[in-house]
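K.L.:
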Amino acid sequence: MHGKLDIIFRSGVGGISEVKNKRKWKEIIIHHTWKPTGIGKDGKPILTRKYADEINRAHIIDRGWNEMGYHFLINPNGIVQYGDRWLEQHAGAHCVGHNLAGIGISFVGNFDVNYPTIYQMETLYELVAELLYNNFMAYDYEVHYHREFAHKTCPGSQFPDFIKQTLMNT
Ligand SMILES: [Zn+2]
Numbered sequence: 019m020h021g022k023l024d025i026i027f028r029s030g031v032g033g034i035s036e037v038k039n040k041r042k043w044k045e046i047i048i049h050h051t052w053k054p055t056g057i058g059k060d061g062k063p064i065l066t067r068k069y070a071d072e073i074n075r076a077h078i079i080d081r082g083w084n085e086m087g088y089h090f091l092i093n094p095n096g097i098v099q100y101g102d103r104w105l106e107q108h109a110g111a112h113c114v115g116h117n118l119a120g121i122g123i124s125f126v127g128n129f130d131v132n133y134p135t136i137y138q139m140e141t142l143y144e145l146v147a148e149l150l151y152n153n154f155m156a157y158d159y160e161v162h163y164h165r166e167f168a169h170k171t172c173p174g175s176q177f178p179d180f181i182k183q184t185l186m187n188t
């Protein structure tokens, strides 16, 4: 099963609860992919593609992991993709020091240059709400950006600081 990524849609994020041995996660760490940018030659977000296969391959080949390091990938069109890492509640491979406790959610995009799409933002809120509703999060969970723990801008210098506050108020 390794490397197989299942797909869920914005209208059905309830699929994330199909997990046998639920963990209580302490953190959510937000990322951007930086590359691929998810932007077409016309300068607009590519809404017809899903990128998990590409990122999955890159993480397996370039980094030697057994699958995509994030738990969830949010495509420019708002579709979430995830695989065994989430379904089997394995630790992530996305943020040094926070992989055991932190769910990794990454946006396809380079938010040093662009902004997330409305579809991606809608999905982020729906996804976090679903994680809460299905009791995946510890009561005192926190949301952080990768840049708080690494010398990176991730999830991009254009990604607003206040978003994480709104994700912790629920
Ligand atoms: Zn990151």
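Each residue of the sequence shown is one higher than the last, beginning at 19 in my numbering.
Glycine residues also receive a C-beta, built at the ideal position from the N, C-alpha and C atoms.
None of the values given here were measured: they were computed from a predicted structure.
1) Hey, how far is the Cα of I64 from the Cα of H108?
2) Skipping 5 residues on each side, what residues in its chain have a beta carbon closer than 6 angstroms to that of Y137?
3) Measuring only the C-alpha atoms, how far is L142 from K38?
4) Strictly closer than 5 angstroms from CB to any heavy atom of ligand 1: give me those residues in the order they appear in the chain.
5) If distances are taken between C-alpha atoms only, which option among H77, A76, G110 and T55 comes closest to R67?
6) Of the choices I47, E45 and K62, whose alpha-carbon is the least far from that of P134?
7) Alpha carbon to alpha carbon, what distance is there between F154 and W43?
8) Nearest-angstrom Cα distance between F125 and I48?
9) Please list, in chain order, all residues of the same chain as Y88 whose beta carbon is under 7 angstroms from its beta carbon, the five residues on each side excluded.
10) For V161, which of helix, strand or coil comes out of DSSP?
11) Leaving aside the five residues before and after M19 along the sequence, list all residues of the same chain whose C-beta is less than 7 angstroms from its C-beta, in chain order.
12) Below 8 angstroms on the Cβ atoms is my guess for N84 versus Y69; work out the distance and round it to an integer in Å.
13) Specify, as a first and last residue, the run of the beta strand (DSSP E) that V98 falls within.
14) Check whether the Cβ of P94 sits closer than 6 angstroms to any heavy atom of ligand 2, and report yes or no.
15) Following the continuous alpha helix (DSSP H) through K182, name the residue where it begins and the one where it ends.
16) Can you tell me whether A109 is helix, strand or coil according to DSSP?
P.N.:
According to the data block:
1) 30 angstroms
2) N95 and G96
3) One C-alpha to the other measures close to 23 angstroms.
4) Residues lining ligand 1 by the Cβ criterion, that is a Cβ closer than 5 angstroms to any of its heavy atoms, are H49, H164 and C172 in chain order.
5) T55
6) K62
7) 6 angstroms
8) 8 angstroms
9) H49, G110, H112, G122, I123 and S124
10) strand
11) Interpretation of M19 is limited by its pLDDT of 36, a score under 50 that renders its predicted location unreliable; the figure taken from the coordinates is listed afterwards. Contacts found: D102.
12) Actually they are not in contact, since the Cβ atoms of N84 and Y69 sit about 19 angstroms apart, beyond 8 angstroms.
13) V98 to G101
14) Within the structure as shown, ligand 2 is missing, the only ligands being ligand 1.
15) Taken as a continuous stretch (DSSP letters only), the alpha helix (DSSP H) holding K182 covers F180 to M186.
16) DSSP places A109 outside both helix and strand once states are collapsed to three, so it counts as coil.
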